[in-house]
Every structure is written in structure tokens, then in C-alpha cells.
Amino acid sequence: MDEDKLKRLLYQYFNNSIDPEDCVELIKYIDANPEKVTELLDHHRFNLNNGPALGETEATQVFQRIKSDKRFHIPQTEYRQQSLVIKFFKKQWFSVAAILLICISIALFKTLNTHRTDNNKLASNTNKAIIVPGGNRATLTLSNNKIIVLNNSANRVLASLGSSNVRTIHNAQLVYKNSPGSNSSSADENAINTLSTPRGGQYQVVLSDGTKVWLNSASSISYPVAFTGNERRVKLTGEAYFEVAKNKEKPFYVSMNNVQVRVLGTHFNIAAYNNDDNITATLLEGSVQVTKNNSLSLLKPGQQAVVPEGNNDIHILPADIEQVMAWKNGYFSFNDENITDIMKRVSRWYDVDVEYKDNIKDQQFGGIYDRSKSLADLLHYLEKLGKVHFEIEGRRVIVMK
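Mapping to full-length UniProt numbering: the sequence shown position 112 is 112, numbers consecutive.
Below is the structure:
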């Protein structure tokens with residue numbers, strides 16, 4: 001289990017959205033890797049059910065309950081022939097103990113209540129057609145307007161453009177590789193390609209300079225086949241995460257509407273959807289210069305630039321990196337967001353339209369949810385968090401009180 005998945009399961013555990021199967025997997029991992037888990041807990045604040053973090057006194061009480069709790073002995077068919085062995089190190093044992101106890105409780109509770117949702121409107125609707133999450137889908141438009149459909153296909157060469165070969169590799173990644181010795185021309189070198197993802201799609205591209213780009217759903221990026229001048233320029237709509245190859249002699253520019261981001265070599269995320277009120281640029285490492293018309297601001301790692309649509313203001317704010325990067329790491333992260341903003345992301349990832357029947361747009365929700373789950377599972381989760389209900393009709397989600 002990598003660290004991103006471990007953090008996601010811990011977050012789901014704390015907001016009671018973890019599935020029983022995921023809970024068992026988390027228990028197994030904690031038992032086998034207690035030092036790694038406790039180290040992670042030291043560096044991230046995981047609140048218990050959205051309340052204050054456990055103090056040592058409360059944790060001691062939890063540990064004593066675990067030692068005498070019969071539920072702690074997981075059936076052999078679910079785990080292994082022996083009862084679970086807990087290893088605690090130094091003072092961090094109480095965090096692991098709390099996780100184990102509540103994970104098991106959640107798993108038992110969900111198992112006992114699996115069959116109690118037959119009368120739920122959402123469940124009855126989704127029996128007609130299960131809407132699955134998005135996947136690795138995109139189209140590549142070449143400079144001659146030829147369109148190539150991309151998916152999870154195996155390694156293959158798509159085209160030869162100037163001194164570059166365009167390849168796809170097995171993990172849904174488009175790669176531009178220089179191929180010395182091939183015929184090239186200035187026209188080919190300056191040709192522009194466009195990678196686009198539909199609603200319900202995502203894809204990766206490695207540009208000719210080695211820059212890596214992860215493209216979120218309903219997004220597109222246009223770029224030259226090769227960066228031949230003294231700068232590197234791309235255009236973006238939607239959302240993308242960039243790991244720009246360092247080159248002090250050739251600054252890298254990302255343009256969207258009237259906003260431009262300039263970097264030399266750094267990691268950052270940009271969200272620039274046309275139906276959002278703001279364009280946001282979030283810096284993970286390096287440095288970034290954000291400009292809009294005559295306004296200019298510099299970002300430091302851990303900061304976010306928020307650029308409203310209607311004026312030239314650039315607001316610099318502390319960034320919630322884990323929330324910003326949630327989409328790339330495979331989950332949704334809702335941080336007291338209103339239902340309309342949440343449903344925009346749901347619409348893009350599950351390729352559905354959204355209709356509102358009641359005035360509930362001011363309701364706010366928080367939590368973490370796996371993007372690999374079905375739409376019905378996500379909507380059930382949101383229903384448990386607030387006074388909101390959903391119906392699914394075809395590929396349309398109706399939101400109501």
C-alpha cells in the first residue's frame with residue numbers, strides 16, 4: 001500500500017465513509033506496518049469523527065477497551081487463523097489502537113446494515129443502470145486535424161512528427177520522444193497538438209522537454225510537438241497538474257483566458273474550468289509567477305493564487321495541498337463546500353448532468369471519498385452527511401431536500 005492510499009483510507013476511517021473491505025485491508029496493513037502508520041500519524045492530524053484529536057488519557061481508555069473487546073478477534077475467514085496481534089511503539093500505540101477499534105466497529109455496523117437500504121429511492125433507481133466512475137480516456141488532435149482516440153491500449157507508436165515520435169504506454173500516458181536521425185522540418189517542429197479528456201476521462205502526457213502533465217476530466221492542453229525557441233508555451237482549459245522539467249534558459253508558460261503562469265522548473269496544479277468563478281494555481285515546490293493583464297504575484301510552496309473571473313485581482317492564500325491534489329491521487333476531498341461546487345466535480349468525473357429541484361445550494365459538506373467507487377455509492381455517502389437526497393434518471397442526477 002502506498003502512502004497516498006494509506007492516507008485516503010485513514011481519512012475515510014475518520015469521517016466514517018470507509019467500506020468494510022477497505023477497513024479490513026487497513027487493519028491488516030496497520031498490523032504488519034505499525035511503525036510506518038504511527039510515523040504518518042505523527043505528521044498528519046487525523047481527527048476522530050471530525051472532533052478533537054485523541055489525547056493520551058482518552059487513548060489509554062480506548063486501548064484498555066480493545067484488550068477486553070471480543071469484537072477485536074476477527075473471524076478466521078475474514079482475516080487469518082490467529083487473532084490479530086498489535087504492535088505498539090513508544091507513545092504512538094494509542095493512535096493505532098483507536099484506529100483499529102473504530103475501523104472494526106464501522107465494518108461490523110456496515111455489514112449488519114447492508115440490507116436495510118432496499119427502500120431508498122437512490123438505490124432503487126441505480127438498480128436500473130449503474131453509473132461507473134471515469135477512467136483513462138482522451139483524444140489527441142494532431143496539427144493536420146487528425147483525431148486519435150486514446151485509452152488503456154498497450155505500447156504503440158501513434159505518429160512520427162518531425163524529430164519526435166508520439167507513443168502511448170501501458171499506464172495511459174502519451175509520450176513525445178525525440179528520435180535523432182528522423183526527417184524533420186521547421187513546420188513539423190512548430191506543429192501544435194491538443195490532448196483532450198471528456199467528462200469521465202483523465203490522461204497523462206510527457207512533453208518533448210520531459211515535462212509531465214496529468215489532465216483531469218473535461219480538460220484540454222495544447223502544446224508544440226517540440227519546444228524549439230527560447231521559451232516553452234502551452235494552453236490549458238480545465239484542470240491539470242504539472243511537473244515541469246527544469247531549464248533556466250527556457251521558461252515554461254501556461255496560459256488560460258487572460259491568466260498566465262510562468263515557471264522555470266516546478267510542481268504545481270492549475271484549475272481553470274470555464275464554469276468556475278475563479279482560476280486557481282497551487283504551488284507544491286519551486287516558484288511560480290502568476291499574471292493577469294497588469295497584475296503580477298509570486299507564489300511560494302504551499303500557497304495558492306485565486307484569480308476571479310471578473311477583475312484583475314490575484315489573491316494569495318495558504319493552500320490545502322491534500323485537497324487540491326485529491327483528484328490526481330484518486331479521491332474526492334470536500335472541505336465544507338457547497339453542494340453545487342461538489343456536484344460540478346461529480347458531473348465531470350461521472351459524466352452526468354445535474355438538476356436542482358429545491359433550494360439547497362447553500363448546504364455544505366466535508367469528507368473524503370474514493371473516485372473509483374460508483375456514483376450511487378458517492379451519493380449515498382453525501383445523503384448521510386446532510387439534508388439532501390438524490391434521484392438518478394438515466395445520466396441525470398436530481399438534487400432535492
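Using N, Cα and C, we set each Cβ at its ideal position, and we do this for glycine too.
When C-beta atoms of the region 268-278 are compared with those of the region 290-297, fewer than three pairs fall below 8 Å, so the two segments do not count as touching. Spatial neighbours of residue 204 in its own chain (CB-CB distance under 8 Å, excluding positions within 5 residues in sequence) are listed in chain order as 171, 172, 173, 174, 212, 213, 214 and 215. Annotation: residue 303 to residue 242 spans about 15 Å, alpha carbon to alpha carbon. Considered as a whole, the UniProt domain "FecR protein" (194-289) harbours 201-206, 212-215, 219-224, 232-243, 252-256, 259-263, 267-272 and 278-285 as its complete beta strand (DSSP E) runs of no fewer than 3 residues, in chain order. Judged by beta-carbon spacing, residue 236 lies within the 9 Å limit of residue 254, meaning their Cβ atoms are closer than that value.
In the DSSP assignment, residue 132 falls outside any beta strand (DSSP E) and carries neither an H nor an E. Under the three-state reduction of DSSP, residue 347 is assigned to helix.
At the C-beta level, residue 349 and residue 200 come within 9 Å of one another. In the displayed model, residue 387 falls within coil according to three-state DSSP, outside both helix and strand. In the displayed model, residue 392 falls within a strand according to three-state DSSP.
In the DSSP assignment, residue 324 falls within the alpha helix (DSSP H) that extends over 321-324. Excluding the 5 residues flanking it on each side, residue 382 has same chain C-beta neighbours closer than 7 Å at 365 and 388, in chain order. Taken atom to atom, the span from the alpha-carbon of residue 247 to that of residue 344 is near 36 Å. With respect to the C-alpha of residue 210, the residue from 148, 176, 138 and 367 having the closest C-alpha is 176. Taking all protein chains shown into account, residue 396 has fewer than 16 neighbouring C-beta atoms within 10 Å of its C-beta and is therefore exposed.
Taking the CA atoms as reference points, residue 378 sits about 18 Å from residue 360.
For residue 372, the number of other beta carbons within 10 angstroms of its own is below 16, and it is reported as exposed.
Contact between residue 297 and residue 270 is absent: CB atoms are separated by about 14 Å, not below the 8 Å threshold. Sequence-distant partners of residue 369 (beyond 5 residues in either direction) whose C-beta falls short of 7 Å from its own C-beta, in its chain, are 17, 331, 332, 378 and 381.
When rounded, the separation of the alpha-carbon atoms in residue 207 and residue 32 is 40 Å.
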